[in-house]
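Residue numbers (this note's numbering): 7 to 559.
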Amino acid sequence: MKSLSYIILVLLICVIPFTHLSAQEQIDKQVQVVRSYRPEVKKAYKISELPEITDTMQTEAEFDYYILPKRVETKFEVDSIPAATMVSEPITELYGSYVKVAMGSKLAPVAEFSITNKRSKERSFGAFLRHRSSAGKVPQGGERVFAGYSTNEVELFGKQFFENSALDVDLGFNREIRYFYGSSNKPVNIKKDSMPKQNFTNMRLNIGYNSTYVDSSHLNYDLQIKGNHLNDNFNTTENRIQFTGDLDKYINKYHVGVNTGYTYLKHQSKYDTLNNNLLKFSPWIARYGDGWRIQGGVNFFVDIVDGDAKTRIYPTARMEYDMVSQFFIPYGGVDGKLSLNPYSSITDENPFVMPGLYVKNTNYNMSFYGGIRGHLGPSTFYNTKVKYTFFDDMYFFVNEIASTNGAGNQFDVVYGNGKLLNLFGELSVDLSDDLNWRLEGNYYDYVLYDQTKPWHKPNYDLTLSAKYNLRDKIILQGDLFLSGRRWVRPPFKYDDPMKLKGYADLNLSLEYRYSKVLSGFLKLHNLLGNNYSIYNNYPVYGFHAYLGITYAF
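Given below as structure tokens:
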């Protein structure tokens, strides 16, 4: 039955096409074309949905691997290379020696000679010689008075370096001539040949031996022996020998040390002979921390003058704290000492003192001080300090009338007990590598119990210095010195004190460096031309200038 169905279906498939063909042949129709055929394709409908295939099977790949170790044969061959040539830095030529000659407008020749050895890791040595003199005059009582001077210096020095120490020796000779040209009255002796003068001859020998350890755990030491001999034109002699020794060492967190000294002084003049022995012993201990320091100790002094011994003890302390990274450092302390006043130091300060003058030691009973220092920037440093001191036997220069026949051209000293307030300020600014300036000043306020005024002591002083270096070729420097008024004790007891006016002294110097070895300079002193007096009856030079050259080798 099923086979019969298949047969019928096949016959139908075969008969139907032929039937269709015969029917087409019988159709007879007429077609009229009204326009040309234009095929058109209908717009397709785009399905905006994308097919999405969701894979429901997830296959995880699993694999395993292993490394087969195998040694790789390598061959190294060492080949030589040429040695590198090290070129040392060029050594800068040193010009530690020089010759300087100049002439001043006051008939004032200047000559200097300095020589030192070149580079050496073992020793340094040299010599220095200088001559300065003048034949200038100053106004005095309506006259032009000779006010010359002469200074000659010779110094020999040497230093030997050892592994952890150094030995230095300094031998010096100095001779000065000063004229007593001052006078309270109209000067009689206005020429050099008729004017009394003073000659000072000073010889000294200093020997020092100190440690040079870099490691702070070692014992550091500084030992000094100093000898000094002075004589003048009036048979005054002074011999001074001084021994000092400073020791210090770090022990755990503490820094301990001791400063010792012994001075023997023999002063001999036509008036008397005095012997002075001064012994000093000052132990101290210090502690340093992060930005702070504190130190305390005691100063022991034994003063023996012609067998009369006095012992003095002074507490000492100092502390400081860096509050703002070197910008703001407050500090303060207390101190006290006994100060020796040898004839050589007095004549350096005032060469017009009475020949053979002996000055007692000054006792600074107690000094309290405090201040602030630090940096305002990388190139600006400042320091301010207030100091209050109680003292005994401070000396003051006064004109001696009786022994000078009323001329008052020599100075004696009087002593005063009291207290002193000192205000100090300092400012240093380096505007660049070529330009810098510095300002420093003091204000003094004396309270005296047995003197009317602090004779010949200014109430303030001020120093302003500036320096400009133009390409290391032209060096320009200026200095301004200001001083306040000073009081002068009257020649008679009941007269009113006299006053020396304050002064301003302006100096300029110009140096032109023609080469590294040759330069010329011009120095202008007291540009304001003021014949002010530092000591009564002794006016200084007005405007004067120096012109000279320097040769280095």
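From the three backbone atoms N, C-alpha and C, an ideal C-beta is built for every residue, glycine too.
What's the call for P357, buried or exposed, on a 16-neighbour Cβ count within 10 Å? In the sequence shown, residue 357 corresponds to position 351, counting from 1. Per the 10 Å Cβ criterion, buried.
Sequence ranges, alpha helix (DSSP H) only - wholly within the segment 234-302, length at least 4: Whole alpha helix (DSSP H) segments, 4+ residues: zero.
Three-state class that DSSP yields for E83 in the structure shown: On the sequence shown, residue 83 is found 77 positions in, with the first residue counted as 1. Here E83 sits in coil by DSSP.
Nonlocal neighbours in the same chain, by C-beta distance under 6 Å from F559, ignoring five residues either side: For the purposes of this step, residue 559 is taken as residue 553 along the sequence shown, with counting starting at 1. Within its own chain, the residues whose Cβ lies closer than 6 Å to the Cβ of F559, once the five positions on either side in sequence are excluded, are S103, listed in chain order.
Which same chain residues, not among the five before or five after I196, have their C-beta less than 6 Å away from its C-beta? As a position in the sequence shown, residue 196 is number 190, starting the count at 1. E149, V151.
Just list the residues that DSSP pairs H137 with in beta bridges. Here the question's residue 137 lines up with position 131 in the sequence shown. H137 pairs with A117, N158.
Do you know whose CA, among Y187, L135, F186, S139, lies nearest F163's CA? The sequence position of residue 163 within the sequence shown is 157, counting from 1. Ranked by Cα distance from F163, the options Y187, L135, F186, S139 are led by L135.
Taking only the alpha-carbon atoms, compute the straight-line gap between G554 and A133 and give it to the nearest angstrom. Along the sequence shown, one-based indexing puts residue 554 at 548. Along the sequence shown, one-based indexing puts residue 133 at 127. Distance between the alpha carbons of G554 and A133 is about 21 Å.
Drop a sphere of 10 angstroms on the beta-carbon of P145, count the other beta-carbons inside from all chains shown, and report buried for 16 or more, exposed for fewer. In the sequence shown, counting from the first residue as 1, residue 145 sits at position 139. P145 is exposed by the Cβ-count criterion.
Taking only runs of the beta strand (DSSP E) that begin and end inside the segment 314-365, which ones reach a length of at least 3 residues, in chain order? Runs of the beta strand (DSSP E) lying entirely within the segment 314-365 and spanning at least 3 residues, in chain order: 314-327, 335-345.
Would W493 and K459 qualify as a contact pair, given that the criterion is a beta-carbon distance under 7 Å? Your numbering for residue 493 matches position 487 in the sequence shown. Your numbering for residue 459 matches position 453 in the sequence shown. Annotated as proximal: W493 and K459, with beta-carbon spacing under 7 Å.
So, for S373: in the same chain, excluding its five sequence neighbours on each side, which residues have a beta-carbon less than 8 Å away from its beta-carbon? If you number the sequence shown from 1, residue 373 lands on position 367. Correct list, in chain order: V340, D341, G342, K393, Y394, T395, F396.
Would the beta-carbon of S140 fall within 7 Å of that of K112? Looking up residue 140 in the sequence shown gives position 134. Looking up residue 112 in the sequence shown gives position 106. Their beta carbons are under 7 Å apart, which means S140 touches K112 by this criterion.
Could you check if P193 is buried or exposed, using at least 16 other CB atoms within 10 Å of its CB as the buried criterion? Position 187 of the sequence shown holds residue 193. Flag for P193 reads buried.
Where T218 sits in the DSSP three-state scheme: What you label residue 218 is simply residue 212 of the sequence shown in a count that begins at 1. The three-state reading of DSSP puts T218 in coil, since its state is none of H, G, I, E or B.
Under 7 Å between C-beta atoms, does F333 make it to chain C? As a matter of chain content, chain C is missing from the structure shown, which is built from one protein chain.
Taking only three categories from DSSP, how would you classify P23? Working through the sequence shown from its first residue, we reach residue 23 at position 17. Residue placement at P23 is poorly supported in this model, since its pLDDT is 49, which falls under 50; the coordinates still yield a value, given next. Helix, per DSSP.
What residues are listed by DSSP as bridge partners for V494? On the sequence shown, position 488 is the one that residue 494 refers to. Answer is M504.
Top-ranked residue by Cα proximity to E99, from S351, T91, M92, N123: Numbered from 1 along the sequence shown, position 93 holds the residue referred to as residue 99. Of the residues S351, T91, M92, N123, the one whose Cα lies closest to the Cα of E99 is N123.
Do you know offhand how far A413's Cα is from V546's? On the sequence shown, position 407 is the one that residue 413 refers to. On the sequence shown, position 540 is the one that residue 546 refers to. Our two residues, A413 and V546, have alpha carbons roughly 18 Å apart in a direct line.
In whole angstroms, what separates the C-alpha of Q274 from that of T353? By one-based count along the sequence shown, residue 274 stands at place 268. By one-based count along the sequence shown, residue 353 stands at place 347. Rounded to the nearest angstrom, the two C-alpha atoms are 15 Å apart.
Taking the C-alpha atoms as reference points, what is the distance between G265 and F307? The residue labelled residue 265 in the question sits at position 259 within the sequence shown. The residue labelled residue 307 in the question sits at position 301 within the sequence shown. A small correction: the amino acid at residue 265 is Asn; Gly does not occupy that position in the sequence shown. For N265 and F307, the gap between their C-alpha atoms comes out near 12 Å.
P336 and I378: beta carbons closer than 7 Å? As a working note, residue 336 is residue 330 in the sequence shown. As a working note, residue 378 is residue 372 in the sequence shown. Yes.
Given F119, which residues of its chain have a CB within under 7 Å of its CB, disregarding the five upstream and five downstream residues? Position 113 of the sequence shown, counted from the start, is the residue given in the question as residue 119. The beta carbon of F119 lies closer than 7 Å to those of V105, L135 in the same chain, with the five residues before and after it left out.
Of all the options V160, A90, P75, which has the alpha carbon lying nearest to the alpha carbon of A117? Taking the first residue of the sequence shown as position 1, residue 117 is located at position 111. The option with the nearest alpha carbon to A117 is V160.
Would you identify the three-state DSSP class for S409, choosing helix, strand or coil? Within the sequence shown, numbered from 1, the residue matching residue 409 stands at position 403. In the structure shown, S409 sits in a helix (DSSP, three-state: H, G or I).
Would you report the Cα separation of Y557 and V523, rounded to the nearest angstrom? For the purposes of this step, residue 557 is taken as the residue at position 551 of the sequence shown. For the purposes of this step, residue 523 is taken as the residue at position 517 of the sequence shown. For Y557 and V523, the distance between alpha carbons rounds to 5 Å.
D309, buried or exposed, once every other Cβ within 10 Å from all chains shown has been counted against 16: Within the sequence shown, the letter at position 303 stands for residue 309. Per the 10 Å Cβ criterion, buried.
Taking the C-alpha atoms as reference points, what is the distance between F417 and D502? Indexing the sequence shown from 1 puts residue 417 at position 411. Indexing the sequence shown from 1 puts residue 502 at position 496. Taking C-alpha positions only, F417 is separated from D502 by approximately 19 Å.
Please state whether DSSP places D440 in a helix, a strand or coil. Working through the sequence shown from its first residue, we reach residue 440 at position 434. Correct three-state label for D440: coil.
Tell me whether the segment 318-338 and the segment 235-246 touch, counting them as touching only if at least three CB pairs, one residue from each stretch, are closer than 8 Å. Counting C-beta pairs closer than 8 Å gives fewer than three between the segment 318-338 and the segment 235-246, which falls short of the contact rule.
Evaluate V21 with the Cβ neighbour count: other Cβ atoms within 10 Å of its Cβ, from every protein chain shown; 16 or more gives buried, anything less gives exposed. Residue mapping note: residue 21 aligns to position 15 of the sequence shown, counting from 1. Note on V21: pLDDT 44, under 50, position unreliable in the model; the coordinate value appears next. Only exposed fits V21, as fewer than 16 other CB atoms lie within 10 angstroms of its CB.
Which residues does DSSP list as the beta-bridge partners of A89? Start at 1 with the first residue of the sequence shown, and residue 89 comes out as number 83. In the DSSP assignment, A89 forms no beta bridge with any residue.
What runs of the beta strand (DSSP E), each 3 residues or longer, lie entirely inside the segment 414-475? Counting only runs of 3 or more residues that sit fully inside the segment 414-475, the beta strand (DSSP E) segments are 416-436, 441-454, in chain order.
Stretch-stretch touch, CB-based, cutoff 8 Å, three pairs: the segment 433-449 with the segment 218-232: Counting C-beta pairs with one atom in each stretch, the segment 433-449 and the segment 218-232 have fewer than three that are closer than 8 Å, which means they do not touch.
N234 to V175 span [Cα, whole Å]: Reading the sequence shown from its first residue, position 228 is the one you call residue 234. Reading the sequence shown from its first residue, position 169 is the one you call residue 175. Between the alpha carbons of N234 and V175 lies a distance of about 14 Å.
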